[in-house]
Amino acid sequence: MNMARNCDPPSCVKAWRATVFLTATVLCAMLFEQSEALAMNTGQSRRDVLATTAASIVGAVDTTSQRANAAVGGNLATKLSARDPAALKNSVFNIPPAAQIHPTFMRGEWEVKSKFAGFLFPSKTIPKNKVTADVIVPGFQKVSIAALADVGTDCQYRMRIDERGLDDRSYTLAQQIDAHLGYKAVKEVTYDGVSNPNRLSLAFEPYKTRNAERIELFCNARESELVPNPTKEGLNIFVCSEYVRQVTFSFSQEFGVARQVVGNYAHFWTWREQESSNRLTGNVLTAAYLDPQDPLFFDEPSKPVVVYSHELEAQKVT
């Protein structure tokens, strides 16, 4: 089966041109060379666009060294400040991580604006054309990265963090998916952040999404660190990460048998506290990895093959 012909391509495919304009942006003390692709032939697939466009993305967090509160090895701020996408390696996990606790300045409900900022193919062992030909790489199909259901789409959604610092994952993720897709797609989210913060089940409204009926998310590792802002005295920067294994179930051409696709990726968030307690700025890097069952896996077993960037701006609602 030609998977490329049986998937719903993300909207950025219909909006990007092969010509990419690069701009330099500083986000949360992270430097990015951005790419923005403009309107193109709607007949092209995302893989074609990625194969013919170039963008570069370099991340850095310039912070003073502090003791990290990390679920997996390494100082997260130091890892990001390495300015090397290869530093965003997939996690080798053994112990289930604890729930992510957000700092006081992030607690409440927020209206978040997300803007696509660029992408990079960092692999030095797999040619870009081979990466873009691999349709199961997270981000190449809609909903293959749950929280970024349509990579390349600018959108606005609600994020809720309770008084304990825990993300209301059921609420926030449903908001993110619906906002990226542009319609009410999520039917139900099953998640218990107290008893098991590392598993989430999500069901879509029937026939609303071509690529997914149901998603299972498994968190393999988390990291977090609160560091002082080097340019704004008295304010902090919160960096955190989450390594995810996503199993997506959808209809197949074989009656009674669900199509199943496994994807591995990690989100790396940077949130900056502002002088106004009602505002946040930040960005998120999303690193996509190859699954062990992928034929190319042993060419790049731990480093990302694609990294996406999105700028974030949040206004407090309550």
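Residues -37 to -1, 1 to 281 (mature numbering (1 follows the signal peptide of the UniProt record, and there is no 0)) make up the sequence shown, in order. Cβ coordinates follow ideal geometry from the N, Cα and C atoms, glycine included. Remember, predicted model here, so these are calculated numbers, not experimental data.
In this structure residue 125 is exposed. Its beta-carbon is surrounded by fewer than 16 other beta-carbon atoms within 10 angstroms. If you compare the alpha carbons of 84, 256 and 178 with that of residue 264, the shortest gap goes to 256. In the three-state reduction of the DSSP assignment, residue 90 falls in the coil class, being assigned neither a helical nor a strand state.
Just measuring C-alpha positions, the residue of 97, 262, 144 and 84 sitting nearest residue 120 is 144. Following the DSSP letters along the chain, one finds residue 200 in no alpha helix (DSSP H) but inside the beta strand (DSSP E) bounded by residues 199 to 213.
In this structure, the beta-carbon distance from residue 202 to residue 61 does not fall below 8 Å. Linking residue 247 to residue 275 through their CA atoms gives a straight-line distance of about 7 Å. In this structure, residue 268 keeps its C-beta atom at 8 Å or more from the C-beta atom of residue 75.
For residue 155, the uninterrupted beta strand (DSSP E) segment begins and ends at 149 to 155.
For residue 155, the number of other beta carbons within 10 angstroms of its own is below 16, and it is reported as exposed. Nearest in C-alpha terms to residue 147, of all of 131, 170 and 157, is 170. A distance below 6 Å between beta-carbons, with the five flanking residues on each side excluded, links residue 224 to the following residues of its chain, in chain order: 99 and 211. For residue 249, the enclosing beta strand (DSSP E) stretches over residues 242 to 252. When the beta-carbon positions are compared, residue 48 and residue 270 come within less than 8 Å of each other. The continuous stretches of alpha helix (DSSP H) do not include residue 51, and DSSP gives it neither H nor E. In this chain, residue 233 is not harboured by any alpha helix (DSSP H); it is covered by the beta strand (DSSP E) spanning 222 to 236. For residue 159, the beta-bridge partners assigned by DSSP are 155. If you look at residue 78, you'll find it in the beta strand (DSSP E) that goes 71 to 83. If you draw a straight line from the Cα of residue 187 to the Cα of residue 67, it is about 14 Å long. Straight across, the Cα-Cα distance linking residue 234 with residue 177 is about 30 Å. By the neighbour-count definition (other C-beta atoms within 10 Å, threshold 16), residue 132 is a buried residue. For the options 280, 281 and 232, the alpha carbon positioned closest to that of residue 42 is the one of 232. The shortest C-alpha to C-alpha distance from residue 200 to any of 175, 228 and 238 is the one to 238.
Of the other Cβ atoms in all chains shown, fewer than 16 fall within 10 Å of the Cβ of residue 58; this residue is therefore exposed.
A direct Cα-to-Cα measurement between residue 183 and residue 197 gives close to 33 Å. Between the C-alpha atoms of residue 50 and residue 266 there is a straight-line separation of about 8 Å. Going by beta carbons, residue 70 and residue 128 fall inside the 8 Å limit.
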